[in-house]
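Below is one structure; the comments refer to it alone.
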Amino acid sequence: MNENYYCDPLNAKSGGIVDIWQESLPVRFGSIDKSDRMTLDAVFNYFQEAAISHADNLGVGRDEMTSTGQVWILSRMTAVIDRRPNYLEKITVQSWPRGWEKLFALRNYQIRDKDDVPIISARSAWLIVDIEKRRPLRPQALMNRMPQNEGLDALPPEAGGAAGLEERSGLIKISERKAVYTDLDFNGHVNNVRYIHWIEDALDIQLLEKFGKMRIDINYLNEVRGGETVEIFSAPIEDADAAHAFALEGRKKDSGQAAFRAELRLQA
Numbered sequence: 001m002n003e004n005y006y007c008d009p010l011n012a013k014s015g016g017i018v019d020i021w022q023e024s025l026p027v028r029f030g031s032i033d034k035s036d037r038m039t040l041d042a043v044f045n046y047f048q049e050a051a052i053s054h055a056d057n058l059g060v061g062r063d064e065m066t067s068t069g070q071v072w073i074l075s076r077m078t079a080v081i082d083r084r085p086n087y088l089e090k091i092t093v094q095s096w097p098r099g100w101e102k103l104f105a106l107r108n109y110q111i112r113d114k115d116d117v118p119i120i121s122a123r124s125a126w127l128i129v130d131i132e133k134r135r136p137l138r139p140q141a142l143m144n145r146m147p148q149n150e151g152l153d154a155l156p157p158e159a160g161g162a163a164g165l166e167e168r169s170g171l172i173k174i175s176e177r178k179a180v181y182t183d184l185d186f187n188g189h190v191n192n193v194r195y196i197h198w199i200e201d202a203l204d205i206q207l208l209e210k211f212g213k214m215r216i217d218i219n220y221l222n223e224v225r226g227g228e229t230v231e232i233f234s235a236p237i238e239d240a241d242a243a244h245a246f247a248l249e250g251r252k253k254d255s256g257q258a259a260f261r262a263e264l265r266l267q268a
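The numbering of the sequence shown is our numbering, which starts it at 1 and goes up by one.
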């Protein structure tokens, strides 16, 4: 793709089909914390919007999927932040499909700075779900119609990413959240970005403001509907490469069913 070409989210198909979705924009005030740097939830929000726009560009967006009785569901995601960009810093957000593994359709992301250096990289795993039967479908038929972007990996193989997280023992309740209107998306359940909000709000403010490098792995396990309450549990985990590391799990208060599982690592 022409490195000087930037996509238009208001008209996703205006420039023709692109292998890599790319937008250039400044970091806005609503995306930063007291440290003047982009928040983790803002990172997830930028990636979500880029993925939605690229799906529209590729002809597998919300309208096309709904017409065939299917929907995209984000199942797992890993984001590695080497540097959090500052307020009004110009960044480029990129997103591209990267084949599939078993039932998961894979999508990668990067945020690059003005010098084209990647400062945030991510890998996600999506399910294609039959709306009526509420069952995942095999992704090959759909993914074969999309760019494969072979060899173009946002995260190196040794970094892993978008993998299943093991259940941790010894977690202690630190917070709870009731799913309200602003947590819900078009599908009627808590949006993936809101879980990142919940995690941030459950942790120490000064700790999150302090660190510019971090990694989060999250598994979205069961949907949460409006009015449901989720209890958030956490415990420190051992990681020699991190200044602080936490395991987190959100469980539905009424049933105890796990809604999400996550691991957050903060680095100096």
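Think of the CB as a built atom: it goes at the ideal place given N, C-alpha and C, for glycine as much as any other residue.
- Between W21 and S95 a beta carbon distance of about 5 Å is seen, short of the 8 Å cut, so the two are scored as contacting.
- Using a Cβ distance threshold of 8 Å, V27 and N86 count as a contacting pair.
- When C-alpha distances from E167 are compared across S175, G99 and A258, the shortest belongs to A258.
- V190: not part of any alpha helix (DSSP H); DSSP gives it neither H nor E.
- A residue is called buried once 16 or more other Cβ atoms fall within 10 Å of its Cβ, and F260 is buried on that count.
- Secondary structure at N219: strand, using DSSP grouped into helix, strand and coil.
- In the DSSP assignment, the residues bridged to A79 are A122 and I216.
- One thing to note: V190 has its Cβ no nearer than 8 Å to the Cβ of A202.
- With three or more CB-CB distances shorter than 8 Å, the region 35–46 counts as touching the region 191–200.
- Looking at P236, L248, A242 and E249, the one whose alpha-carbon comes closest to that of D82 is A242.
- Counting along the chain, S255 sits inside no alpha helix (DSSP H), nor does DSSP assign it H or E at all.
- Rounded to whole angstroms, the gap between the alpha carbons of G250 and M143 is 31 Å.
- W100 and V60 have their C-alpha atoms some 15 Å from each other.
- Taking every protein chain shown into account, the CB of D217 has 16 or more other CB atoms within 10 angstroms, so this residue is buried.
- Residue pairing by DSSP puts N108 in a beta bridge opposite W96 and R123.
- For F233 and F44, the gap between their C-alpha atoms comes out near 21 Å.
- Beta-carbon to beta-carbon, R123 and A154 are separated by about 6 Å, close enough to satisfy the 8 Å threshold.
- Beta-bridge partners of L137 (DSSP): I128.
- In terms of Cβ geometry, K13 and D63 do not form a close pair [threshold 8 Å].
- Sequence-distant partners of R215 (beyond 5 residues in either direction) whose C-beta falls short of 6 Å from its own C-beta, in its chain, are V80 and R265.
- As DSSP reads the structure, R261 sits in a beta bridge with N219 and E249.
- Partner residues in the beta bridge of M38, as assigned by DSSP, are I32.
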